[in-house]
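Colleague: Got a structure for you, questions after.
So, in structure tokens, the structure goes:
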């Protein structure tokens, strides 16, 4: 979603990380969560993949599928980290989300490390994760045809009936294969997963870097858990009132505007 503004976004990250570097250390401690688990989890870290840097470690944090049923079914959230370079100046963790919605973020710490100021890498563990339903975090597979997986479908009155049929087919296939998961793949639950990650890592608060949709996710987290948010950088911020209200238009091919096909994702309890 960053598109042409990506270069400008990276400059913004440089300015923002300079502000992060000026922060003083904070003491971390494990805070048990209401559903009684992540703060007690023993995380086993191992190298994420042979084609990734050895410094990129991965683990799995267990969270409730339904936070209204905290002792029910759990799912795994894949979490990664590049540890802080210095322990004396360490402040905590810098959690990251690349946007999407639905973009996997497991490799983001390794990708962002060279772009961040040295002072930031010394003070923060860089932490990424695949949001629930994505990548290695209990992924949803709907068995869609190639055309059904394409995101670019500009509105046209002439193909409206065909577009409705396509949308209905996608919904029916996903409901048949993952109907038990879909109601729980919301932004607010992803924010709750972020707080479960915080607790599992034994941190009192988290800092955060989010791009594009990740800015919306970060804003939701600070709304839900204001006392657990440390320093948040929202890069290429979206206006939730516009983007998720059915009025989000952005440039298509040839400069033609279109509605984003994922408009509305992230609503829910």
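In the working numbering, the protein residues as written are 841 to 1109. Every residue, glycine too, gets a C-beta built ideally from N, C-alpha and C.
(1) Excluding sequence positions up to five away, which residues of its chain have a Cβ less than 6 Å from the Cβ of residue 1056?
(2) What's the C-alpha gap between residue 995 and residue 886?
(3) Please specify which runs of the alpha helix (DSSP H), each continuous and at least 4 residues long, are wholly inside the region 988-1037, giving them in chain order.
(4) What is the DSSP secondary structure of residue 1039, counted as helix, strand or coil?
(5) So, is residue 1072 buried or exposed, given that buried needs 16 or more other C-beta atoms within 10 angstroms?
(6) According to DSSP, which residues form a beta bridge with residue 969?
(7) Determine, using beta carbons only, whether residue 922 and residue 896 come nearer to each other than 7 Å.
(8) Taking the alpha carbon of residue 941 as the point to measure from, which residue in 1045, 975 and 928 has its own alpha carbon closest?
(9) Going by DSSP, which residues form a beta bridge with residue 1048?
(10) Determine, using beta-carbon pairs with one atom in the region 922-938 and one in the region 904-912, whether at least three such pairs fall under 8 Å.
(11) Rounding to the nearest angstrom, what Cα-Cα distance links residue 1022 and residue 989 in this structure?
(12) Taking 7 Å as the threshold (C-beta atoms), are residue 1031 and residue 1061 in contact?
(13) Let me check understanding here. Comparing Cα to Cα, which of 978, 964, 894 and 1034 lies closest to residue 1059?
(14) Assign residue 1000 to one of two classes, buried (16 or more other C-beta atoms within 10 Å of its C-beta) or exposed (fewer than that).
(15) Which word fits residue 1118, buried or exposed, when buried means at least 16 other C-beta atoms lie within 10 angstroms of its C-beta?
(16) Nearest to residue 959 by CA position, among 973, 926 and 1014, is which residue?
(17) I'd like the span of the beta strand (DSSP E) that includes residue 903, first residue to last.
(18) In the structure shown, what three-state DSSP assignment does residue 980 receive?
(19) Measure the Cβ-Cβ separation of residue 961 and residue 930 and say whether it is below 7 Å.
(20) Please list, in chain order, all residues of the same chain as residue 983 whose beta carbon is under 8 Å from its beta carbon, the five residues on each side excluded.
Modeller: For this structure:
(1) 1078 and 1080
(2) If you take the alpha carbons of residue 995 and residue 886, they lie about 46 Å apart.
(3) 1000-1018
(4) helix
(5) buried
(6) Answer is 919.
(7) It is a contact, given that the beta carbons lie within the stated cut-off.
(8) 975
(9) 935 and 1072
(10) no
(11) When only Cα atoms are considered, residue 1022 and residue 989 end up about 17 Å apart.
(12) Yes. Within cutoff.
(13) For residue 1059, the nearest C-alpha among the options comes from 1034.
(14) exposed
(15) Absent from the model: residue 1118. The displayed extent of the chain is 841 to 1109, so no value can be given.
(16) 926
(17) Taken as a continuous stretch (DSSP letters only), the beta strand (DSSP E) holding residue 903 covers 897-904.
(18) DSSP places residue 980 in the coil class of the three-state scheme, outside both helix and strand.
(19) no
(20) The answer, listed in chain order, is 1013 and 1017.
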